[in-house]
Amino acid sequence: MPGKPEESFFMDHSTSSGLYIHIPFCQTKCPYCDFCSITGTGQVADFLAALDQEARLYREQFSAFDSLFLGGGTPSWLTGAQLDQLMNNLRRHFVFAPDSEITLEANPDDLTADKLAHFRDLGINRLSLGVQSFDEAELRFLGRRHTARQTEQALLLIRAAGFTNLGLDLMYGLPGQTLEGWTGTLETALSFAPEHLSCYQLTVADETPLGQRVAAGQLRLPDEETQREFFLLTANFLTARGYLHYEVANFARQGPQAGGLCLYCCRHNLKYWTRTPYLGLGPAAHSFLAGRRWWNISSVAQYCSSLSAGEAPVAGEESLTPEQIRLETLALGFRTREGVSLATLREQPGGDAMVAALTQAGLVRVDGERVIATACGLVVADRLPLGFVGVAGA
Amino acid sequence: MPNIRNFSIIAHIDHGKSTLADRLIQWTGMVEDRQFRDQILDTMDIERERGITIKSNTISLPYTADDGREYELNLIDTPGHVDFSYEVSRALASCEGVLLLVDASQGVEAQTVANLYLAMEHDLTIIPVINKIDLPAADVPGVKEQIERELGLDSDHVLLCSAKEGIGIDEILEAIVARIPPPTGSPAEPLSGLIFDAHYDSFRGTVVSCRIFAGQVKPGDIIRLMYHGTVHKVEETGVFRLTREPRKALSAGMVGYLIAGIKTVSDTRIGDTITQEARPAAAPLPGFKEVKPVVFASIYPVGNDDYQDLADALEKFKLNDASLVYQKDSSAALGQGFRCGFLGLLHLEIVQERLEREYNQSIIMTVPGVRYRFTLADGKVITVDNPLYYPDPSSIKGEEEPFIRTSILIPERFVGAVMKLCLERRGVNSRFQYPSPGRVEINFDMPLAEVIIDFYDRLKTITQGYGSFDYELLDYRATSLLKLDILVNGEKLDALSMIVHKDRAREWGVRVCDRLKDEIPKQQFKIAIQGAVGGQIISRSTISAFRKDVTAKCYGGDITRKRKLLEKQRAGKKRMKMVGAVQIPQSAFVAVLKTENE
Numbered sequence: 000m001p002g003k004p005e006e007s008f009f010m011d012h013s014t015s016s017g018l019y020i021h022i023p024f025c026q027t028k029c030p031y032c033d034f035c036s037i038t039g040t041g042q043v044a045d046f047l048a049a050l051d052q053e054a055r056l057y058r059e060q061f062s063a064f065d066s067l068f069l070g071g072g073t074p075s076w077l078t079g080a081q082l083d084q085l086m087n088n089l090r091r092h093f094v095f096a097p098d099s100e101i102t103l104e105a106n107p108d109d110l111t112a113d114k115l116a117h118f119r120d121l122g123i124n125r126l127s128l129g130v131q132s133f134d135e136a137e138l139r140f141l142g143r144r145h146t147a148r149q150t151e152q153a154l155l156l157i158r159a160a161g162f163t164n165l166g167l168d169l170m171y172g173l174p175g176q177t178l179e180g181w182t183g184t185l186e187t188a189l190s191f192a193p194e195h196l197s198c199y200q201l202t203v204a205d206e207t208p209l210g211q212r213v214a215a216g217q218l219r220l221p222d223e224e225t226q227r228e229f230f231l232l233t234a235n236f237l238t239a240r241g242y243l244h245y246e247v248a249n250f251a252r253q254g255p256q257a258g259g260l261c262l263y264c265c266r267h268n269l270k271y272w273t274r275t276p277y278l279g280l281g282p283a284a285h286s287f288l289a290g291r292r293w294w295n296i297s298s299v300a301q302y303c304s305s306l307s308a309g310e311a312p313v314a315g316e317e318s319l320t321p322e323q324i325r326l327e328t329l330a331l332g333f334r335t336r337e338g339v340s341l342a343t344l345r346e347q348p349g350g351d352a353m354v355a356a357l358t359q360a361g362l363v364r365v366d367g368e369r370v371i372a373t374a375c376g377l378v379v380a381d382r383l384p385l386g387f388v389g390v391a392g393a
Numbered sequence: 000m001p002n003i004r005n006f007s008i009i010a011h012i013d014h015g016k017s018t019l020a021d022r023l024i025q026w027t028g029m030v031e032d033r034q035f036r037d038q039i040l041d042t043m044d045i046e047r048e049r050g051i052t053i054k055s056n057t058i059s060l061p062y063t064a065d066d067g068r069e070y071e072l073n074l075i076d077t078p079g080h081v082d083f084s085y086e087v088s089r090a091l092a093s094c095e096g097v098l099l100l101v102d103a104s105q106g107v108e109a110q111t112v113a114n115l116y117l118a119m120e121h122d123l124t125i126i127p128v129i130n131k132i133d134l135p136a137a138d139v140p141g142v143k144e145q146i147e148r149e150l151g152l153d154s155d156h157v158l159l160c161s162a163k164e165g166i167g168i169d170e171i172l173e174a175i176v177a178r179i180p181p182p183t184g185s186p187a188e189p190l191s192g193l194i195f196d197a198h199y200d201s202f203r204g205t206v207v208s209c210r211i212f213a214g215q216v217k218p219g220d221i222i223r224l225m226y227h228g229t230v231h232k233v234e235e236t237g238v239f240r241l242t243r244e245p246r247k248a249l250s251a252g253m254v255g256y257l258i259a260g261i262k263t264v265s266d267t268r269i270g271d272t273i274t275q276e277a278r279p280a281a282a283p284l285p286g287f288k289e290v291k292p293v294v295f296a297s298i299y300p301v302g303n304d305d306y307q308d309l310a311d312a313l314e315k316f317k318l319n320d321a322s323l324v325y326q327k328d329s330s331a332a333l334g335q336g337f338r339c340g341f342l343g344l345l346h347l348e349i350v351q352e353r354l355e356r357e358y359n360q361s362i363i364m365t366v367p368g369v370r371y372r373f374t375l376a377d378g379k380v381i382t383v384d385n386p387l388y389y390p391d392p393s394s395i396k397g398e399e400e401p402f403i404r405t406s407i408l409i410p411e412r413f414v415g416a417v418m419k420l421c422l423e424r425r426g427v428n429s430r431f432q433y434p435s436p437g438r439v440e441i442n443f444d445m446p447l448a449e450v451i452i453d454f455y456d457r458l459k460t461i462t463q464g465y466g467s468f469d470y471e472l473l474d475y476r477a478t479s480l481l482k483l484d485i486l487v488n489g490e491k492l493d494a495l496s497m498i499v500h501k502d503r504a505r506e507w508g509v510r511v512c513d514r515l516k517d518e519i520p521k522q523q524f525k526i527a528i529q530g531a532v533g534g535q536i537i538s539r540s541t542i543s544a545f546r547k548d549v550t551a552k553c554y555g556g557d558i559t560r561k562r563k564l565l566e567k568q569r570a571g572k573k574r575m576k577m578v579g580a581v582q583i584p585q586s587a588f589v590a591v592l593k594t595e596n597e
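In order, the protein sequences belong to chains A and B. Just so you know, numbering that gives the first Met the number 0 puts 345 at position 346 of the first sequence, and the rest follows in order with no gaps. Just so you know, numbering that gives the first Met the number 0 puts 395 at position 396 of the second sequence, and the rest follows in order with no gaps.
Take a look at the structure:
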């Protein structure tokens, strides 16, 4: 297992593995969603049985975790009994460290005081709430089942239930959305003092209903310049309000320790970005261990039938070459507050000149041994690695 | 000896020279039909693809004529381009006659005329042949009239053929025997042989192609190359069939080869005279010339690690092409490379293409230039063919550049457009001739530098493909020059520096800035491209930066998809060069050379 990077920025960064469970059930499918999910609960029982089978396959390779992320889909839609079964099974196969971060993704319209209390009883200590917007028209456009009012009530219930680590998912870059409207949504979100905010830009995949509307010319997405404005506004606004922009789309309230350390960063997601091992169970889930990545079948039915036949539901896998590892390290590093090692960048011919030019252009800053993307750098983060790969130097 | 005929085929490009050669070879039974392939003498891929002959080839054809006698017809196939006109002249010097081939639909073109003059200089018997008479667009009477008027040849003796269809081949073979005189010269005289070509054979070393004018040479003889001054012992003599066929000796009148332990082609000189060391000829054969390169460009490997590979490839290349000259060069942007001298633009293109295809080299070639002459303040005269060595402007007292005389043959209706082009390219002393109604031959004195980049393409475009072009080198003439530098974000892109005429500096500066703007992809930061003369910026373009390129979306643990996209993007950067922090694709260096309408 890789050792803990010595100068890691993230206080919460550990080398223990993370566990992700993909729960692919939703009451309705949102028109922008290209994740693996199905509507209806008919297959939940089969799925939970299959998941138990799958967990069994990995109990030797992954014995202990310090993060668990129940994502989807809509995990909050499961009944209490289904969640009990799921958690019991996981605890039967795996060990979770006492201070584990256990996150559940929830939709506002699913939450009641009883349900929230039950989540607490199950050890869930972090909620990720799919708010998306506080604007009713935007919520309708996004095909969300809840209203802004429901969200506000849910937020009060969550706090009342004693959750002290709460993340909100918001979405910007919607057709017709204005910078003022988006600022309003951010303001409302901040009034609940969330520990964490994920601000995603509406990304439309071709095969989704929204994608088809865009292709048919019925819908126009904001141009790049507008998207850039939204991105930078978000970064500046939340940074000014004391949030740490620790990943392209993620912001965490700074803890009392301050000093730049990241108390409320999502420990689980950090594992993806710092190349720490993780196991993903459920359809379409991805896993990473010891330089190997693999991913599951994305059909729920096939996932279940594979496991009932005693087979691993793996759809593909790859073992990373040193060059691929280098690329990933660059790509992920430039997307996070941790940045990339200056020494690594200097290894590339012309690397010094590139760091200097990016610094001059205000896209990165050099902080000791780390090169860290600024907000303007994060806006082009997917391009930054290309300055350090594959070019014949002079 | 009366049964030997030495001849060559001369023609404008595309008038069917190689096809006629093919037919003559087939008709004389040199090759069975099943072994036959088109352009059989053109052994290089690039020759076959472009339909041109780069390297001379010679073949001896045994032929039984209508008179019942056996003849040996030596066909000396010559390169078909002005870049190789010296080689052509040596090949023609080895003949007693030529077939002058004219396309029945295209008629007389610039190279037809140039080739005819060459043949006339050597007092050769000329047999005019109109080819492609089977084409619907063939205008045999019209072309006959052109041959009579423009070339001054008797059209009654013109032969008609379609090499493609095999029509008229017998008549041509008979005319070669009947009209071209047999070689003269006695085997008893001292040896005098003309080297008209040399090939490299990896087993035997240099194979020298020669025409024996007098005397005899055989294995074991000690020969001297009269200009080069070296002495060699002959190992083998023979004639060319489809492959080499050893003979006991080569004697006066014959065309063949000799192998004499000569290591590389560069150890021979085309046009040199072979004689016996023990009993030398009184004087070498006339017409020897040291061939000098006229067009210069630098070649760099795309990958810096490939420098040694390129060095090895050039060395091998040089074994077989004595006319390529090169020396080390280096560029801040492109690293270690070579400054090369070429016989002309086609030669440059051929070298580039063959290095890439036959020698597997990925190369970047810089903007070609000519060799300038500078008189310095201290009276010293220097020549400079590399912008890197452009002298300090304050030390320059005089500047000269090479001039050529163009021969441009066009239908009359294009005179205005072609005049304009030539004047734009600093042409002077225009002269017009009207060789036949509706056709004009335009001669200009023009700087060589003005025709080496996209002149011919432009001429073809404005004359809708009807213009043909040829040139000869004249002399050096006074001029006024500047050095144009190209800066990318303030860093000099030295590989794109060039020496230009002062009136053309701005135009070039704008052109290069525009081309680079189109070729250099957007990057993370703004890129300024500038053309500068001394400290003065004369042109400018800007490439804006990427404004947004990030997926701000939840993608969970699917890192693979992200990395694969990056791997794909990176693949496109493999052939890029760093100048400062700017990544410049190889295509940018090439784009600078392209014509506007490409």
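Every residue, glycine too, gets a C-beta built ideally from N, C-alpha and C.
Who are the near neighbours of LEU69/A in its chain, counting only those whose CB is closer than 7 angstroms to its CB and skipping five residues on each side? Locating residue 69/A in the first sequence gives position 70, counting from the first residue. Within the same chain, LEU69/A has close Cβ partners ILE20, ILE22, THR102, LEU103 and GLU104.
Does DSSP classify MET225/B as helix, strand or coil? Walking along the second sequence from the start, residue 225/B turns up at place 226. MET225/B falls in the coil class under three-state DSSP.
Quick one: what's TYR199/B bridged to in DSSP? Taking the second sequence and counting its residues from 1, one reaches residue 199/B at position 200. According to DSSP, which records beta bridges pairwise, TYR199/B is partnered with THR205/B.
What are the boundary residues of the beta strand (DSSP E) that includes LYS232/B? The count along the second sequence starts at 1 and reaches residue 232/B at position 233. Per DSSP, LYS232/B belongs to the beta strand (DSSP E) from 230-232.
In this structure, does DSSP put TYR31/A in helix, strand or coil? Mapped onto the first sequence, residue 31/A falls at position 32. Residue state, collapsed to three classes: coil.
For ARG364/A and VAL247/A, I'd like the C-alpha separation in whole angstroms. Along the first sequence, one-based indexing puts residue 364/A at 365. Along the first sequence, one-based indexing puts residue 247/A at 248. Computed Cα separation, rounded: 16 angstroms.
So is LYS563/B buried or exposed if we call it buried at 16+ other beta carbons inside 10 Å? Translated into positions along the second sequence, residue 563/B becomes position 564. The residue in question, LYS563/B, is exposed, as its Cβ has fewer than 16 Cβ neighbours within 10 Å.
Is it buried or exposed, THR78/A, if we count other Cβ atoms within 10 angstroms and call 16 or more buried? As a position in the first sequence, residue 78/A is number 79, starting the count at 1. Counting Cβ neighbours within 10 Å, THR78/A comes out exposed, since fewer than 16 surround it.
Count the other C-beta atoms from every protein chain shown that fall within 10 angstroms of the C-beta of ILE441/B, then say buried if there are 16 or more, exposed otherwise. Looking up residue 441/B in the second sequence gives position 442. Under this definition ILE441/B is a buried residue.
Amino acids of chain A, ordered along the chain, whose beta-carbon sits closer than 9 angstroms to that of GLN360/B: Your numbering for residue 360/B matches position 361 in the second sequence. Listed along chain A, no residue sits closer than 9 angstroms to GLN360/B by beta-carbon distance, the nearest being about 14 angstroms off.
Does the Cβ-Cβ distance between ASP484/B and ALA531/B come in under 9 angstroms? Numbered from 1 along the second sequence, position 485 holds the residue referred to as residue 484/B. Numbered from 1 along the second sequence, position 532 holds the residue referred to as residue 531/B. Contact flag set, yes.
For the beta strand (DSSP E) that SER16/A lies in, which residues bound it at each end? The residue labelled residue 16/A in the question sits at position 17 within the first sequence. Run containing SER16/A: 16-22, per the beta strand (DSSP E) assignment.
Considering only the alpha carbon of each residue, which of ALA109/B, GLN275/B and ALA103/B lies closest to PRO186/B? For this step, residue 186/B is matched to residue 187 along the second sequence. Per the Cα distances, GLN275/B.
On the CB-based measure, 16 or more other CB atoms within 10 Å of its CB, does ILE324/A come out buried or exposed? Reading the first sequence from its first residue, position 325 is the one you call residue 324/A. The residue in question, ILE324/A, is exposed, as its Cβ has fewer than 16 Cβ neighbours within 10 Å.
Throw me the rounded Cβ distance for the LEU495/B and VAL581/B pair, which I believe falls under 8 angstroms. Sequence index remark: in the second sequence, residue 495/B carries index 496 (1-based). Sequence index remark: in the second sequence, residue 581/B carries index 582 (1-based). The Cβ separation is near 13 angstroms, so there is no contact.
Straight-line CA distance for LEU173/A to PHE229/A? In the first sequence, the residue the question calls residue 173/A occupies position 174. In the first sequence, the residue the question calls residue 229/A occupies position 230. Between LEU173/A and PHE229/A, the C-alpha separation is close to 10 angstroms.
At the 9 angstroms Cβ level, is TRP294/A part of the contact set with chain B, yes or no? Locating residue 294/A in the first sequence gives position 295, counting from the first residue. It does; some Cβ of chain B falls within 9 angstroms.
Quick check on MET445/B: does DSSP put it in helix, strand or coil? Start at 1 with the first residue of the second sequence, and residue 445/B comes out as number 446. Look at MET445/B here: in three-state DSSP terms it is strand.
Could you give the DSSP three-state label for HIS285/A: helix, strand or coil? On the first sequence, position 286 is the one that residue 285/A refers to. Strand, per DSSP.
Start and end residues, alpha helix (DSSP H) containing LEU23/B: Counted from its first residue, the second sequence places residue 23/B at position 24. Per DSSP, LEU23/B belongs to the alpha helix (DSSP H) from 16-26.
In chain order, what residues of the region 263-290 of chain B put their CB closer than 7 angstroms to some CB of chain A? Flagged: no residues at all.
How would you label ARG68/B, buried or exposed, when you count the other beta carbons within 10 angstroms and need 16 or more for buried? For this step, residue 68/B is matched to residue 69 along the second sequence. Exposed, by the Cβ-count rule.
Across the region 467-483 of chain B and the region 396-403 of chain B, are there enough close Cβ pairs to call them in contact, namely three or more that are closer than 8 angstroms? yes
Do ALA312/B and ASN359/B count as a contact pair if the criterion is CB distance below 9 angstroms? The count along the second sequence starts at 1 and reaches residue 359/B at position 360. The count along the second sequence starts at 1 and reaches residue 312/B at position 313. A contact, by the Cβ cut-off of 9 angstroms.
Could you give the DSSP three-state label for ILE519/B: helix, strand or coil? Numbered from its first residue, the second sequence carries residue 519/B at position 520. If DSSP states are grouped into helix, strand and coil, ILE519/B belongs with coil.
So is LYS525/B buried or exposed if we call it buried at 16+ other beta carbons inside 10 Å? Locating residue 525/B in the second sequence gives position 526, counting from the first residue. A residue is called buried once 16 or more other Cβ atoms fall within 10 Å of its Cβ, and LYS525/B, having fewer, is exposed.
Considering only C-alpha positions, which residue in the set ALA416/B, ILE498/B, LYS291/B and HIS500/B is nearest to THR460/B? Counting from one through the second sequence, the residue named residue 460/B turns up at place 461. Ranking the options by Cα distance to THR460/B, first place goes to ALA416/B.
Compare the C-beta of ASP557/B with all C-beta atoms of chain D and state if any pair is closer than 9 angstroms. Structure shown: chain D not included; protein chains present are A and B.
Could you tell me which chain A residues have their CB closer than 7 angstroms to the CB of VAL617/B, listed as they occur along the chain? Only positions 0 to 597 of chain B appear in this structure, which leaves residue 617/B out of reach.
What's the C-alpha gap between PRO390/B and THR183/B? Stepping through the second sequence from its first residue, residue 390/B is reached at position 391. Stepping through the second sequence from its first residue, residue 183/B is reached at position 184. Approximately 54 angstroms between the Cα atoms of the pair.
Cutting at 6 angstroms between CB atoms, please list the residues of its own chain near ALA10/B, excluding the five before and the five after it. Counting from 1 along the second sequence, the entry for residue 10/B is found at position 11. Closer than 6 angstroms at the Cβ level, and outside the excluded window around ALA10/B, lie LYS16 and LEU100.
For ASN87/A, does the count of other Cβ atoms within 10 angstroms reach 16, so buried, or fall short, so exposed? If you number the first sequence from 1, residue 87/A lands on position 88. Counting Cβ neighbours within 10 Å, ASN87/A comes out exposed, since fewer than 16 surround it.
Would you mind sorting GLU100/A into buried or exposed? The rule is 16 or more other CB atoms within 10 Å of its CB. Translated into the one-based positions of the first sequence, residue 100/A becomes position 101. GLU100/A is buried by the Cβ-count criterion.
Have a look at ALA248/B, GLN335/B, VAL450/B and GLU144/B and flag the residue whose alpha-carbon is nearest the alpha-carbon of ALA213/B. In the second sequence, residue 213/B corresponds to position 214, counting from 1. Distance check between ALA213/B and each of ALA248/B, GLN335/B, VAL450/B and GLU144/B places ALA248/B closest, using alpha-carbon atoms only.
Over what stretch of residues does the alpha helix (DSSP H) that includes ASP351/A continue unbroken? The residue given as residue 351/A occupies position 352 in the first sequence. Where ASP351/A is concerned, the enclosing alpha helix (DSSP H) stretches over 350-359.
Does the beta carbon of ARG58/A come closer than 9 angstroms to any beta carbon on chain B? Your numbering for residue 58/A matches position 59 in the first sequence. No, no contact with chain B.
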